[in-house]
Structures are given as C-alpha cells and as structure tokens.
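83 is the number of the first residue of the sequence shown in my numbering; add one for each residue after it.
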Amino acid sequence: MHARWRTMYTGAPVLDDALATLDCRIANVTRHGTHSVIVADVFNLRLGPASIDALVYFHRHYHVVASSC
C-alpha cells in the first residue's frame with residue numbers, strides 16, 4: 083500500500099488520509115529551558131475521513147480515541 087500525498091497552500095506535503103491537517107507558517111519561536119514554543123499562523127485546516135479513529139500518545143503508548151458516532 084502506498085501513501086497518497088497532497089500539497090497544502092504553503093507547499094507543505096501532507097498525507098491524504100490524515101485525520102486532520104493544519105497548514106501553517108511559523109510566526110515566532112520562543113525558547114523555554116530545553117524546549118521551544120512555536121507559534122504559527124494557520125492558513126488552512128483540512129479534515130480527513132470521519133471513519134478514522136484518533137490516536138493519542140500518553141504514558142509512552144498510543145491509545146485509540148474512538149468517535150462517539
């Protein structure tokens with residue numbers, strides 16, 4: 083199975099079957115200790131197929147967040 087890609091407004095490549103994609107340009111980067119906080123301007127939001135369940139990474143494992151519909 084091959085992944086299908088598309089190009090967003092900013093030219094960023096995104097997976098066609100992604101649950102959601104945000105097309106952004108970085109507006110500011112601020113360092114906080116060993117981390118960076120990135121603030122971005124969102125140019126486009128694309129929602130994928132509603133039949134896909136979301137994944138959340140928590141306590142070093144992925145967990146399915148099933149839709150209630």
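Note that beta-carbon positions come from the ideal geometry of N, C-alpha and C, so glycine has one too.
None of these values were measured; they are calculated from a predicted model.
Using the Cα positions of residue i and residue j, report the straight-line distance between them to the nearest angstrom.
i: R107; j: H84; result: 28 Å
i: L97; j: T112; result: 28 Å
i: A132; j: L101; result: 7 Å
i: V124; j: D99; result: 20 Å
i: D135; j: H114; result: 33 Å
What is the DSSP secondary structure of residue i, counted as helix, strand or coil?
i: H141; result: coil
What residues in its chain sit with their C-beta under 6 Å from that of residue i, if we drop five residues either side in the sequence?
i: Y144; result: L137
i: V147; result: A136 and V138
i: V119; result: T112
Among the residues of its own chain, which have a CB less than 7 Å from the CB of residue i, if the five just before and after it don't count?
i: M90; result: V96, T103, D105 and N126
i: A94; result: D105
Taking the runs of the beta strand (DSSP E) that are 3 residues or longer, which of them lie wholly in the stretch 85 to 125?
87 to 89, 95 to 97 and 102 to 114
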